[in-house]
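*Asks:* Provided herewith is a single structure, encoded as structure tokens, for subsequent inquiry.
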Amino acid sequence: MELIHALLLALQPAHLLTLLLGVGGGLVLGAMPGVSPTLAVALLVPFTFRLPADTSLILMGAVYSASIAGGAISAILLNVPGAPANIATTFDGYPMARSGRATEALQTAFVSSLFGGVVGILVLIFLAPLLAPFALRFGPGEMFWVAVLGITVMASLGSGSLLKGLFAGALGVWLSTIGISPATGDYRFVFFDALEGGIHIVVALIGLFAMPQVLTLFASPEAHYSPAASANDKSSLLGVVRRYFSERLAIGVGALVGVFIGIIPGAGGQIASILGYDQVRKLSRNNDSFGQGDARGVIASETANSAMVGPSIIPMLTLGLPGSPTCAVMLGGLLIHGIFPGPQIFTTSGDVLWIFLATLLIGQFAIFGLGLWLARGGQALARVPNEYLATGILVLSVIGTYSLQNNVADVWIMASLGLIAFFGGQAGFPAAPMALGVILGPIAENNFQMGRTIARAGEGSLQYFTSGTINRVLIAIGLLSLAYGLLASYRASQRQAISSRQATA
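In terms of numbering that gives the first Met the number 0, the sequence shown has 352 at position 353, counting the first letter as 1, and numbering is strictly consecutive.
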């Protein structure tokens, strides 16, 4: 009954207008390189101080959900993820766009966001009290293995070369260690003053994805998209919806991974989308087309990162433990308005929270409608000359990088990483594993150090990190992931050898 009453209240004009403003702003900010969901919500929080609590929560929730969905626009059209959660969307979304299937890719992304978002919000509404205790079982040891599991995925992101994928990932992990050690406070690999604060994740993402794209566009005389193929891009939304629901494996695995990762405090959408994509690719038949424009890759990534949003709010509301970096910012917004997380939150602040949850549910449909409308303008990119498109991406990248910390050094770091990614890509070293290493390296290191500290007072490090059902399951999955990467690399080399022999015969 509370949900039905809250839905009726959420449909009031004031709440709907607030929701639409948040969704529209979130989609636009999410599509801009350098504006992560965390930054988007953080920019919003100061403006909510004088607003009613329900209005503030509606705005923050709408921007959070919409910015993740909006990141798919730039990921598909420009090969530049709008947020870390959209990295995996570039793997197949951009090849789809390059082959003249941009409309299909964008429609697939927003259908996936709608379904994944609705699933995640329903889990939040109906299962929050049941899942909150499960989140408490994830201590530093479990979080360390979650990060390691994500890092093992790097082995299968190397475009057929296991060693190159692992090397790129290891380089990313090394880059994440630059700066001050969280354990000792010592400086590590600080070759000049600009590196004292380390490398910001968003700076690394812009450098690794946007800058190589800028250099490629400046160097390529051909059109960004195939003109002939773009002219035939007449994808039907109804056809995309039918195709989406026919891919039950991609939907189910993506949603389950998103919900599972969302519940874990501090994990975030970047892990959900990467793991969702990787698991769907491994479990699918005829998976050779992944990375070459397979819609299942977009379905897996966008379903997972959207399904993560609702569950990530569960530990924030019921335990005061943010399930993602963005939820940490939202937690501050809750406290500002006198809403204190805990098991009794639905009793003490139920009227505000039910309206918040109802508008989150309605917001998924608003994201779908407004997202498709905004994405139509992206089709004009097929007619933009490469030099103008590259200039636009470069300007947005520099502005986005500088605005993070108002630091010119970040711009130089971004440009340097871009050159490394560009020339590394020419040699077959992919940027995605490097980006994943930068993102997951600090998570693994910080939780490993906390786990060691806890273990010193107890059973010892080895037993602490290997005891417990969750630890053992995560270790087993990680080993299987590595084994799959080795097998896939071996099969790819065998196929290449056979093709070479047939070509010379």
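Every residue, glycine too, gets a C-beta built ideally from N, C-alpha and C.
1) Going by the beta-carbon positions, is the gap between V22 and I354 smaller than 8 Å?
2) Report the option in L479, V437, A294 and Q462 whose CA atom is closest to the CA atom of E103.
3) Taking the continuous alpha helix (DSSP H) assigned at T317, which residues delimit it?
4) Can you say whether E195 is buried or exposed, counting buried as having 16 or more other CB atoms within 10 angstroms of its CB?
5) Run the CB neighbour count on Q11, radius 10 Å, all protein chains shown included, and call it buried at 16 or more, exposed below.
6) From the DSSP secondary-structure annotation, give me the bridge partner or partners of R187.
7) Going by C-alpha distance, which of V152, G253 and W372 is nearest L473?
8) Using 8 Å as the cut-off, can you tell me whether the segment 88-97 makes contact with the segment 49-65, which would need three or more C-beta pairs spanning the two stretches below that distance?
9) Classify Q11 as helix, strand or coil using the three-state DSSP reduction.
10) Assuming I398 is part of the alpha helix (DSSP H), what are its boundary residues?
11) Between the Cα of I124 and the Cα atoms of Y483, I442, S311 and P384, which residue gives the shortest distance?
12) Considering Cα atoms alone, identify which of F166, I179 and M413 is closest to I200.
13) Measuring only the C-alpha atoms, how far is A127 from P384?
14) With respect to the alpha helix (DSSP H) encompassing V240, which residues constitute its N-terminal and C-terminal limits?
15) Mapping DSSP to helix, strand and coil, what is R455?
16) Among the residues of its own chain, which have a CB less than 6 Å from the CB of F447, if the five just before and after it don't count?
17) Between A305 and A87, how many whole angstroms is the CB-CB distance? I'm expecting something under 8 Å.
18) I need the straight-line Cα distance from L479 to L207, nearest angstrom please.
19) Give me the Cα-Cα distance between Q106 and C326, rounded to the nearest whole angstrom.
20) In angstroms, rounded to a whole number, what distance separates the CA positions of A230 and L16?
21) A505 lies in the alpha helix (DSSP H); which residues open and close that run?
22) Need the endpoints of the alpha helix (DSSP H) that E141 sits in, please.
23) Let me know the secondary structure DSSP gives R280 once reduced to three states.
24) Please return the same chain residues whose Cβ sits closer than 8 Å to the Cβ of A227, not counting the five positions on each side in sequence.
25) DSSP on E444, reduced to helix/strand/coil?
26) Using three-state DSSP, classify G290 as helix, strand or coil.
27) Ends of the alpha helix (DSSP H) at V213?
28) Considering only residues of the same chain and omitting the five flanking positions on each side of L393, which have a CB-CB separation below 7 Å?
29) So, is I75 buried or exposed, given that buried needs 16 or more other C-beta atoms within 10 angstroms?
30) Within its chain, find whatever has a CB closer than 7 Å to the CB of R136; leave out the 5 residues flanking it on each side and keep chain order.
31) Identify whether R471 lies in helix, strand or coil by the three-state DSSP scheme.
32) Who are the near neighbours of G477 in its chain, counting only those whose CB is closer than 8 Å to its CB and skipping five residues on each side?
33) Could you give the C-beta distance for F364 and L113, rounded to a whole number, given that I count them as a contact under 8 Å?
34) For G178 and F190, I'd like the C-alpha separation in whole angstroms.
35) Could you check whether the segment 432-439 touches the segment 163-176, counting it as contact only if at least three pairs of C-beta atoms, one from each stretch, sit closer than 8 Å?
36) Looking at the structure shown, is F339 part of a helix, part of a strand, or coil, going by DSSP?
*Replies:* So, to answer that:
1) no
2) A294
3) V308 to L318
4) exposed
5) exposed
6) G178
7) V152
8) no
9) coil
10) N385 to Q404
11) S311
12) M413
13) 50 Å
14) L236 to S245
15) helix
16) F143
17) In the sequence as displayed, the identity of residue 305 is Ser instead of Ala. That pair is no contact at about 13 Å.
18) 28 Å
19) 27 Å
20) Only weak support is given to the placement of A230: the predicted model assigns it a pLDDT of 47, under 50, and the value that follows is read from those uncertain coordinates. Distance between the alpha carbons of A230 and L16: 37 Å.
21) With the chain covering 0 to 504 only, the question about residue 505 has no answer from this structure.
22) P139 to T151
23) helix
24) Summary for A227: the model assigns pLDDT 43, below 50, so the residue's position carries little reliability; its value from the coordinates is reported in the next sentence. Contacts found: G99.
25) helix
26) coil
27) M210 to A218
28) V213
29) buried
30) I469
31) helix
32) W144, V147, L148 and T151
33) 7 Å
34) 10 Å
35) yes
36) coil
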